[in-house]
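Numbering (my numbering), first residue to last: 3 to 118. Even for Gly, the Cβ is constructed at its ideal location relative to N, Cα and C. What you are looking at is a predicted structure, and each value in this text was computed from that prediction instead of being measured. Reviewing the structure listed below.
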Amino acid sequence: MNTRIIPEFGNEPAEVLEIKPFKHIEKLIDNVLPYAERRIVSKGEIVHYYDNNVRQCFLLIQGSVALHRRGDGIVLNSESSPFLLGVCSSFPLNDFTSGYWKHRKLRPFRWKRLIA
3 MNTRIIPEFG NEPAEVLEIK PFKHIEKLID NVLPYAERRI VSKGEIVHYY
53 DNNVRQCFLL IQGSVALHRR GDGIVLNSES SPFLLGVCSS FPLNDFTSGY
103 WKHRKLRPFR WKRLIA
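Set out below in structure tokens:
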């Protein structure tokens with residue numbers, strides 16, 4: 003999947019932004035930012051989630067993006083800053099539906115769900 007930078011429309015917040023967990027996202031970004039490489043992406047530029055077969059994660063500090071499906075270019079989702087890109091899509095959907103998480107544990111792990 004590619005991410006294409008799109009222009010922002012208007013400055014009025016949408017109703018859904020009222021429930022976006024800004025403080026949590028900003029805290030995550032603040033903790034990861036010292037380890038990130040700064041990059042300014044131009045409008046219309048395509049950003050790939052893989053670089054040399056390594057999955058990439060992006061911190062959207064300013065602006066907005068649209069996530070397009072490969073092939074037909076249909077917009078699947080759009081996000082505005084602050085946002086973390088490439089986190090949830092790190093594992094293919096078929097890993098979850100095929101029982102991958104139930105049957106393959108390489109080492110003990112813990113996970114927590116954040117509730118806004």
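So, do the stretch 47-56 and the stretch 21-35 have three or more beta carbon pairs nearer to each other than 8 Å? no
For residue 87 versus residue 62, is the C-beta spacing smaller than 7 Å? The residue given as residue 87 occupies position 85 in the sequence shown. The residue given as residue 62 occupies position 60 in the sequence shown. Their beta carbons are under 7 Å apart, which means residue 87 touches residue 62 by this criterion.
Residue 81 by DSSP, collapsed to three states: which one? The residue labelled residue 81 in the question sits at position 79 within the sequence shown. Note: residue 81 maps to strand in three-state DSSP.
Quick test of your reading: residue 68 and residue 77, contact by CB under 8 Å. State the CB separation rounded to the nearest angstrom. Here residue 68 is taken as the residue at index 66 of the sequence shown, counted from 1. Here residue 77 is taken as the residue at index 75 of the sequence shown, counted from 1. About 5 Å; that satisfies the 8 Å criterion.
Quick one: grab the DSSP three-state call for residue 32. Here residue 32 corresponds to residue number 30 of the sequence shown, with the count starting at 1. Note: residue 32 maps to helix in three-state DSSP.
Local conformation of residue 48 per DSSP, three classes: Here the question's residue 48 lines up with position 46 in the sequence shown. Here residue 48 sits in strand by DSSP.
Can you tell me where the beta strand (DSSP E) with residue 68 in it begins and where it stops? Taking the sequence shown and counting its residues from 1, the one referred to as residue 68 is at position 66. Counting along the chain, the beta strand (DSSP E) containing residue 68 begins and ends at 66-70.
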